[in-house]
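What follows is a short report on a single structure.
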Amino acid sequence: MRRARPPADRHGRDCRAEVIAPPPGRERLTGDAPSTAVVGGGIAGLAAATALAERGVRVTLYEREDTLGGRLAGWPVHLTDGSGATMSRGFHAFFRQYYNLRGLLRRTDPSLSGLTPLPDYPLRHRDGLSDSFARVPRTPPWSALGFVALSPTFGPRDLAALDARAALPLLDVRVPEVYERFDHVSAEDFLRRINFPEAAHHLAFEVFSRSFFADPRELSAAELLLMFHIYFLGSSEGLLFDVPSEPFPQALWEPLAGYLRRLGADVRTGTPVHRIRPAPDTTLTVEHDGAADRHQAVVLALDTTGLRHVVGASEELGDPGWRADVAALRTAPPFLVSRLWLDRPVRADRPGFLGTSGYDGLDNISVLDRWEGEAARRSARTGGSVVELHAYAVPEDAEPKRVQHHIVERLHEVYPETADARIVDARHEWRADCPVFAVGGHHRRPAVRTPHPRVVLAGDLVRTGLPVALMERAATSGFLAANALLADWGVRGQTLWTVPRSGRSRTLAALARRAGRY
2 MRRARPPADR HGRDCRAEVI APPPGRERLT GDAPSTAVVG GGIAGLAAAT
52 ALAERGVRVT LYEREDTLGG RLAGWPVHLT DGSGATMSRG FHAFFRQYYN
102 LRGLLRRTDP SLSGLTPLPD YPLRHRDGLS DSFARVPRTP PWSALGFVAL
152 SPTFGPRDLA ALDARAALPL LDVRVPEVYE RFDHVSAEDF LRRINFPEAA
202 HHLAFEVFSR SFFADPRELS AAELLLMFHI YFLGSSEGLL FDVPSEPFPQ
252 ALWEPLAGYL RRLGADVRTG TPVHRIRPAP DTTLTVEHDG AADRHQAVVL
302 ALDTTGLRHV VGASEELGDP GWRADVAALR TAPPFLVSRL WLDRPVRADR
352 PGFLGTSGYD GLDNISVLDR WEGEAARRSA RTGGSVVELH AYAVPEDAEP
402 KRVQHHIVER LHEVYPETAD ARIVDARHEW RADCPVFAVG GHHRRPAVRT
452 PHPRVVLAGD LVRTGLPVAL MERAATSGFL AANALLADWG VRGQTLWTVP
502 RSGRSRTLAA LARRAGRY
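Residue numbers (the working numbering): 2 to 519.
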């Protein structure tokens, strides 16, 4: 990957955003183009398929489920009152520094008019403390300083007790060095090491760390430091974010599937892939439901369980070390998404999204009719509301119905007016398929390249060497996977963007280096 001079058209990106130019090559393939299988129709697979198809590659996209989108998929449901709705796996924030994901969405929505901004990222702790990011400055280092100054969780005594020397790595995160230094430490231990205020720990960083679907005691401190860099000191985009103004299928994936088909891609939903067989002639056979297709290359854009299954069944794929690393991948604990259709509105001053802490497992509350068109139209028609609750990192031995009931009770505590509402219908989605970024696990996470020259990986579990996380890691890895194949075929791939790979402030970087942290 090469750094390049930023092009003039930045689409409103941070002026210090870093552009990553692909290797030089032809603009697109001509003649008898290679056939490539993209296995997985989530963000990573859709990014890879898009970049390949745009450059003339013959793409077949295989998706196990009947709908595209992976963890952002949606599907129709029929409610008990006879109406229809779209259910999904829950709220996702499209942050402004998700440059490559937003670039993917621009293929079908150049102005991103299908995304609508939410004005704040409010947080509330059960003890009464609350935080807001609406008034926090966006430009580093004022963003971090502003958060400290405006947050009720930082008092004079807290600041005096903070171990400034130990906290310096927060101010000068570098990728990938941050993993070499801090992957062996848990996020919880790092915050205790620097004497981070207990209230801020629970209210702010716990909310963010649990967005990785993991308990902070199990999360790598390197991922926590990276997150701080992405949202605070590495980017002036801050914690402003957008959400789709319609359900995921209608707003995002159906238009993108149409775009791929117009490029000549074969999009096959409801088609799980079971095995990849390398052939002596360098082609690869993709086996699915009693059938087999031959391709010149394969992108495996699967979740953790899916990747382990396909690689485990593909005995001739890769070498023993790589196969052992894939087999060692683990998923984060189960999480719950509960969506409630209520017969009355939530109070008008409630935010569209609220992060919560200290509520015995309830991690956030969304009021969908504040921003999603389908929910808003239902609210206007019935006078009700649509509320969604998330519970991350649920203990493995928890009884599902008890957890479902419990987080609804916590909703009543946070928003008391909902206690008198009748639940017209409810859907509870239990999943356990997100990657876990455990302490000490980074070196075993697979990279885009594999031992087979025509098999590449994509997904948010993949190491990229870039400061990206969550949905943006998925999109970026998908483009990187496509770029790797295109480079081998002499074709120029997708230009990528990231927040800077090191801290923006030379003064802070010098302080961190002087302290011997890097």
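Glycine is no exception: its CB is placed at the ideal position from the N, C-alpha and C atoms.
Assuming contact is defined by CB atoms lying nearer than 9 Å, are valine 456 and valine 300 in contact in what I supplied? To locate residue 456, count along the sequence shown from 1; it is residue 455. To locate residue 300, count along the sequence shown from 1; it is residue 299. Yes. Within cutoff.
Inspect the beta-carbon positions of phenylalanine 354 and valine 338 and report whether they are closer than 9 Å. Stepping through the sequence shown from its first residue, residue 354 is reached at position 353. Stepping through the sequence shown from its first residue, residue 338 is reached at position 337. It is not a contact, given that the beta carbons lie outside the stated cut-off.
Using three-state DSSP, classify phenylalanine 92 as helix, strand or coil. The residue you call residue 92 lines up with position 91 of the sequence shown. The answer is coil: DSSP assigns phenylalanine 92 none of H, G, I, E or B.
Can you grab the Cα-Cα spacing for the pair phenylalanine 92 / tryptophan 372, in whole Å? Sequence index remark: in the sequence shown, residue 92 carries index 91 (1-based). Sequence index remark: in the sequence shown, residue 372 carries index 371 (1-based). When rounded, the distance between both Cα atoms is 11 Å.
Can you tell me the Cβ-Cβ gap for serine 503 and arginine 175, rounded? I've got them flagged as a contact below 8 Å. Position 502 of the sequence shown, counted from the first residue, corresponds to residue 503. Position 174 of the sequence shown, counted from the first residue, corresponds to residue 175. Right, their Cβ atoms sit about 4 Å apart.
Quick check: the stretch 413-424 against the stretch 287-298, are at least 3 beta-carbon pairs closer than 8 Å? no
In the DSSP assignment, find the unbroken beta strand (DSSP E) run with threonine 117 in it and report its ends. Translated into the one-based positions of the sequence shown, residue 117 becomes position 116. That run of the beta strand (DSSP E) goes 116-119.
Quick one, are the C-beta atoms of glycine 26 and arginine 139 less than 9 Å apart? Taking the sequence shown and counting its residues from 1, one reaches residue 26 at position 25. Taking the sequence shown and counting its residues from 1, one reaches residue 139 at position 138. No. Outside cutoff.
Give the C-beta separation of threonine 305 and leucine 462 to the nearest angstrom, bearing in mind that I take them to be a contact with Cβ-Cβ under 8 Å. Looking up residue 305 in the sequence shown gives position 304. Looking up residue 462 in the sequence shown gives position 461. Going by Cβ atoms, the distance from threonine 305 to leucine 462 rounds to 6 Å, so yes, they are a contact pair.
Rounded separation between serine 144 and isoleucine 231 - CA only: By one-based count along the sequence shown, residue 144 stands at place 143. By one-based count along the sequence shown, residue 231 stands at place 230. About 12 Å.
Just the C-alpha distance for leucine 227 and phenylalanine 214, rounded to the nearest angstrom, thanks. Along the sequence shown, read from residue 1 onward, the residue named residue 227 stands at position 226. Along the sequence shown, read from residue 1 onward, the residue named residue 214 stands at position 213. Cα to Cα, the separation comes out at about 16 Å.
Return helix, strand or coil for tyrosine 519, following the three-state DSSP convention. Against the sequence shown, residue 519 aligns to sequence position 518. Only weak support is given to the placement of tyrosine 519: the predicted model assigns it a pLDDT of 43, under 50, and the question is left unresolved by the model.
Please list, in chain order, all residues of the same chain as arginine 340 whose beta carbon is under 6 Å from its beta carbon, the five residues on each side excluded. Here residue 340 refers to the residue found at position 339 when the sequence shown is read from its first residue. Taken in chain order, the residues that qualify are Glu389 and Arg428.
If I'm right that alanine 74 touches alanine 482 with Cβ under 8 Å, what's the distance once you round it to whole angstroms? As a working note, residue 74 is residue 73 in the sequence shown. As a working note, residue 482 is residue 481 in the sequence shown. Wrong, their Cβ atoms sit about 20 Å apart, outside the cutoff.
Start-to-end residues for the beta strand (DSSP E) that takes in glutamate 430: Reading the sequence shown from its first residue, position 429 is the one you call residue 430. It spans 424-432 - the beta strand (DSSP E) in which glutamate 430 sits, taken as one unbroken run.
8 Å CB neighbourhood of proline 273 in its chain, flanking five on each side removed: The residue you call residue 273 lines up with position 272 of the sequence shown. If we look at proline 273 and ignore the five residues flanking it on each side, its Cβ neighbours are Tyr63, Arg65, His289 and Asp290.
For arginine 378, the nearest candidate out of Thr87, Gly71 and Ala34 (CA to CA): Taking the first residue of the sequence shown as 1, we reach residue 378 at position 377. Of the candidates Thr87, Gly71 and Ala34, the one whose C-alpha sits nearest the C-alpha of arginine 378 is Thr87.
DSSP three-state label for alanine 18, please. Sequence index remark: in the sequence shown, residue 18 carries index 17 (1-based). In this structure, alanine 18 counts as coil in the three-state DSSP scheme.
Under DSSP, the alpha helix (DSSP H) around serine 478 begins and ends at which residues? If you number the sequence shown from 1, residue 478 lands on position 477. That run of the alpha helix (DSSP H) goes 471-489.
Considering only their Cβ atoms, is the gap separating arginine 345 from arginine 423 smaller than 9 Å? The sequence position of residue 423 within the sequence shown is 422, counting from 1. The sequence position of residue 345 within the sequence shown is 344, counting from 1. Yes, the pair counts as a contact, with Cβ atoms nearer than the cut-off.
With distance defined between alpha-carbon atoms, name the residue in Cys16, Ala22, Glu55 and Glu19 nearest to arginine 29. Along the sequence shown, one-based indexing puts residue 29 at 28. For arginine 29, the nearest C-alpha among the options comes from Glu55.
Expressed to the nearest angstrom, what Euclidean distance is found between the alpha-carbon atoms of alanine 280 and histidine 453? By 1-based counting over the sequence shown, the position of residue 280 is 279. By 1-based counting over the sequence shown, the position of residue 453 is 452. Rounded to whole angstroms, alanine 280 to histidine 453 spans 12 Å at the Cα level.
From the DSSP output, in three-state form, read off alanine 292 for me. By one-based count along the sequence shown, residue 292 stands at place 291. Three-state DSSP puts alanine 292 in a strand.
Same chain only: Cβ atoms within 8 Å of threonine 37, ignoring 5 sequence neighbours per side: Locating residue 37 in the sequence shown gives position 36, counting from the first residue. Closer than 8 Å at the Cβ level, and outside the excluded window around threonine 37, lie Leu53, Val58, Arg59, Val60, Thr61, His296, Gln297, Ala298, Val299, Val300 and Leu486.
Looking only at its own chain, which residues have a Cβ that is under 6 Å from the Cβ of serine 84, when we skip the five neighbours before and after it? On the sequence shown, residue 84 is found 83 positions in, with the first residue counted as 1. Excluding positions up to five away in sequence, the list is empty.
May I have the straight-line CA-CA distance separating serine 236 from aspartate 326, to the nearest angstrom? Here residue 236 refers to the residue found at position 235 when the sequence shown is read from its first residue. Here residue 326 refers to the residue found at position 325 when the sequence shown is read from its first residue. Rounded to whole angstroms, serine 236 to aspartate 326 spans 32 Å at the Cα level.
Beta-carbon spacing of proline 198, threonine 154 below 9 Å: Position 197 of the sequence shown holds residue 198. Position 153 of the sequence shown holds residue 154. Yes, they are a contact pair.
Would glycine 46 and alanine 302 be called neighbours here (beta carbons separated by less than 9 Å)? As a first step, residue 46 is located in the sequence shown; it is residue number 45 there, counting from the start. As a first step, residue 302 is located in the sequence shown; it is residue number 301 there, counting from the start. Contact: yes.
Please determine if the stretch 217-227 and the stretch 174-189 are in contact, where contact requires at least 3 C-beta pairs separated by less than 8 Å. yes
Anticipated Cβ contact below 8 Å, glycine 374 with leucine 343, distance rounded: Start at 1 with the first residue of the sequence shown, and residue 374 comes out as number 373. Start at 1 with the first residue of the sequence shown, and residue 343 comes out as number 342. Incorrect: roughly 18 Å between the Cβ atoms, too far for contact.
Where tyrosine 122 falls: helix, strand or coil (DSSP): Translated into the one-based positions of the sequence shown, residue 122 becomes position 121. Three-state result, tyrosine 122: coil.
Give me, in chain order, the residues of the same chain whose beta-carbon lies closer than 8 Å to that of histidine 443; leave out the 5 immediate sequence neighbours on both sides. As a position in the sequence shown, residue 443 is number 442, starting the count at 1. Answer for histidine 443: Tyr180, Asp184, Ser221, Ala223 and Arg464, listed in chain order.
Check the C-beta distance from threonine 499 over to alanine 22 and give it rounded, since I have them as a contact under 8 Å. Numbered from 1 along the sequence shown, position 498 holds the residue referred to as residue 499. Numbered from 1 along the sequence shown, position 21 holds the residue referred to as residue 22. With 8 Å as the limit, threonine 499 and alanine 22 do not qualify as a contact, their Cβ atoms being about 12 Å apart.
Would you report the Cα separation of arginine 450 and arginine 269, rounded to the nearest angstrom? If you number the sequence shown from 1, residue 450 lands on position 449. If you number the sequence shown from 1, residue 269 lands on position 268. Using only the alpha carbons, I get a separation of about 25 Å.
Look at the alpha carbon of leucine 151 and the alpha carbon of proline 321, and state the distance between them as a whole number of angstroms. The residue labelled residue 151 in the question sits at position 150 within the sequence shown. The residue labelled residue 321 in the question sits at position 320 within the sequence shown. Taking the straight line joining both Cα atoms gives about 52 Å.
Within the continuous alpha helix (DSSP H) that includes isoleucine 44, where are the two ends? Counted from its first residue, the sequence shown places residue 44 at position 43. Isoleucine 44 -> alpha helix (DSSP H) spans 44-55.
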